Amino acid sequence: MSTTLLDWRRTVGDLYARVRECERPEEGFEVWRDGRDRLFAEHPESPLEPAARREFSGLPYPPYDPAYRFQVPIDPDVEPARLDIATQSEEVVRLERIGRVGLGELGSLDVWWLVQYGGGLFLPMRDTTAGRDTYGAGRYLLDTVKGADLGAGPVAPGGPANSATIVVDLNFAYHPSCAYSPRWVCPLAQEGNRLDVDVPVGEQYPAEGWPG
Numbered sequence: 003m004s005t006t007l008l009d010w011r012r013t014v015g016d017l018y019a020r021v022r023e024c025e026r027p028e029e030g031f032e033v034w035r036d037g038r039d040r041l042f043a044e045h046p047e048s049p050l051e052p053a054a055r056r057e058f059s060g061l062p063y064p065p066y067d068p069a070y071r072f073q074v075p076i077d078p079d080v081e082p083a084r085l086d087i088a089t090q091s092e093e094v095v096r097l098e099r100i101g102r103v104g105l106g107e108l109g110s111l112d113v114w115w116l117v118q119y120g121g122g123l124f125l126p127m128r129d130t131t132a133g134r135d136t137y138g139a140g141r142y143l144l145d146t147v148k149g150a151d152l153g154a155g156p157v158a159p160g161g162p163a164n165s166a167t168i169v170v171d172l173n174f175a176y177h178p179s180c181a182y183s184p185r186w187v188c189p190l191a192q193e194g195n196r197l198d199v200d201v202p203v204g205e206q207y208p209a210e211g212w213p214g
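Shown next as structure tokens:
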């Protein structure tokens with residue numbers, strides 16, 4: 003890992019820590035947007051290609067909508083499943099399904115665990131805006147090994163006993179690096195991480211894509 007990539011991950015971790023400290027989710031959302039824009043515009047590990055960086059004026063988002071924020075338990079009652087994801091360095095990232103979270107009328111999403119030293123939660127999502135308003139392969143909600151972690155909320159009434167509880171805020175849905183450049187390889191949203199509804203919040207994708 004290069005020192006610039008290390009700095010990127012530290013900066014992302016610090017950014018999400020500041021978000022978790024905010025009293026109001028709307029305030030945290032603005033902190034997150036501003037921080038993510040600065041990373042894309044200024045950081046040497048920005049996923050944008052040079053032409054896109056020259057024209058960059060900020061990532062597009064709709065206004066924050068509190069109806070898309072959930073504090074939910076992870077239901078561990080799922081069939082075991084494993085994913086092996088190749089990376090740019092030809093290493094393999096292994097993910098195991100550890101549970102599922104329910105998002106009310108929107109549906110449910112599988113929760114994955116990174117099976118490597120330290121581990122971490124990984125929660126991708128693909129909704130019916132994919133290929134239209136958002137990246138065709140989907141977006142990410144949580145990737146805690148890289149610092150993208152909105153924290154835990156209070157246990158929801160009637161949730162599974164002894165289950166972990168997490169904040170899933172779809173306003174914070176973001177595109178993986180492969181949405182901006184073919185230099186990157188990203189895990190994609192599997193069948194259990196697809197919602198059959200529009201999720202009109204979170205990071206959007208320009209209809210013409212980003213300049214290469």
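Here the sequence shown is numbered in this note's numbering, starting from 3 and rising by one per residue. Heads up, the beta-carbon is just placed ideally off N, CA and C, and yes, glycines get one too. The model shown is predicted, which means the values in this text are computed figures rather than measured ones.
Distance, residue j Cα to residue i Cα
| i | j | result |
| --- | --- | --- |
| LEU197 | PRO126 | 11 Å |
| VAL203 | THR5 | 33 Å |
| VAL33 | GLY149 | 15 Å |
| PHE58 | GLU28 | 24 Å |
| THR136 | ILE168 | 24 Å |
| GLU94 | TYR18 | Note that residue 94 corresponds to Val in the displayed sequence, not to Glu. Each residue's alpha carbon lies about 26 Å from the other. |
| ARG216 | PRO46 | For the chain, the structure presents residues 3 to 214; residue 216 sits outside this window and is missing. |
| ILE76 | ALA43 | 35 Å |
| SER110 | TYR142 | 14 Å |
| GLU81 | ASN195 | 14 Å |
Expected contact under 8 Å - CB spacing of residue i and residue j to nearest Å
| i | j | result |
| --- | --- | --- |
| GLY104 | VAL74 | 6 Å |
| GLU205 | TYR70 | Their Cβ separation, rounded to whole angstroms, is 13 Å, which puts GLU205 and TYR70 out of contact at 8 Å. |
| LEU144 | PHE124 | 7 Å |
| LEU190 | ALA139 | 5 Å |
| LEU152 | ARG22 | 7 Å |
| GLN118 | ARG99 | So it is not a contact: roughly 16 Å between Cβ atoms. |
| PHE72 | VAL170 | 5 Å |
Environment of residue i [buried if 16+ CB atoms lie within 10 Å]
| i | result |
| --- | --- |
| ARG12 | exposed |
| ARG26 | exposed |
| ARG134 | exposed |
CB contact flag (residue i, residue j, <9 Å)
| i | j | result |
| --- | --- | --- |
| ASP79 | GLY101 | yes |
| TRP186 | PRO49 | yes |
| VAL201 | THR131 | yes |
| CYS24 | GLY15 | no |
| GLN192 | LEU85 | yes |
Run of the alpha helix (DSSP H) containing residue i, from where it starts to where it stops
| i | result |
| --- | --- |
| VAL33 | 27–44 |
| VAL2 | Summary: the structure shown does not reach residue 2, with the chain confined to residues 3 through 214, and so no result is reported for it. |
| ARG196 | Segment: none, ARG196 is in no alpha helix (DSSP H) and carries neither H nor E. |
| GLU57 | 52–57 |
For residue i, the first and last residue of its enclosing beta strand (DSSP E)
| i | result |
| --- | --- |
| GLY133 | Taken as a continuous stretch (DSSP letters only), GLY133 belongs to no beta strand (DSSP E), as it is neither H nor E. |
| GLU205 | Unbroken run through GLU205: none, as it is neither H nor E. |
| GLY101 | 94–104 |
| VAL74 | 71–75 |
| TYR142 | 141–145 |
| PRO62 | That residue, PRO62, is in no beta strand (DSSP E); it is neither H nor E in DSSP. |
| THR174 | Thr is not the amino acid found at residue 174; the sequence shown has Phe there. Looking at the DSSP string, PHE174 is not in any beta strand (DSSP E), and its letter there is neither H nor E. |
| TRP115 | 110–116 |
Below-9 Å beta-carbon distance, residue i vs any chain D residue
| i | result |
| --- | --- |
| TRP115 | Of the chains in the structure shown, none is chain D; there is only one protein chain. |
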